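Numbering (the working numbering), first residue to last: 9 to 134.
Below: one structure, written as structure tokens.
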């Protein structure tokens, strides 16, 4: 993913997601801090995936739609889980899914911003 790669540290996000999903639960204050961090990654990555999604092929685009729908559910306080541990897990899974799709979106159609008209060649270069 060339466009957004400079906007976030993929290795850091991946490591923090793994620590969240596979590490010890920690105290309540630590869980709240980790939840804020994971939700921050979700908020950072979701718009990047939304921008990339129109260039994805059908199958990957469908997957991206599902992940973005879960993103909306995660960030919507009306539908979000009240259980902090469950919400933290969901945020970690969602952030990791967003990152994975951004890093490996499959074959992409050309970006309209990078497709330029061919220069008209001079038929008689004399």
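Even glycine gets a Cβ: it sits at the ideal position worked out from N, Cα and C.
Just so you know, these numbers come straight off a predicted model, no measurement behind them.
Per DSSP, what are the beta-bridge partners of residue i in this structure?
i, result
"residue 64", "116"
Could you give the residue range of the alpha helix (DSSP H) that holds residue i?
i, result
"residue 108", "92-111"
Suppose the cutoff is 8 Å on Cβ atoms and the five residues either side in sequence are ignored; what does the same chain contact list for residue i look like?
i, result
"residue 107", "18, 21, 22, 25, 49, 53"
"residue 127", "For residue 127, the pLDDT reaches just 42, beneath the cut-off of 50, and the residue's location in the model is therefore unreliable, although a value from the coordinates is still provided. Excluding positions up to five away in sequence, the list is empty."
"residue 79", "50, 54, 102, 106"
"residue 75", "57, 102, 105, 106, 109"
"residue 41", "none"
Could you tell me whether the Cβ atoms of residue i and residue j are closer together than 8 Å?
i, j, result
"residue 117", "residue 63", "yes"
"residue 71", "residue 109", "yes"
"residue 114", "residue 68", "yes"
Cutting at 7 Å between CB atoms, please list the residues of its own chain near residue i, excluding the five before and the five after it.
i, result
"residue 33", "39, 93"
"residue 119", "63"
On the CB-based measure, 16 or more other CB atoms within 10 Å of its CB, does residue i come out buried or exposed?
i, result
"residue 100", "buried"
"residue 56", "buried"
"residue 104", "buried"
Spatial neighbours of residue i within its chain, please: CB distance less than 6 Å, with the 5 preceding and 5 following residues excluded, ordered by chain position.
i, result
"residue 31", "none"
"residue 65", "114, 115"
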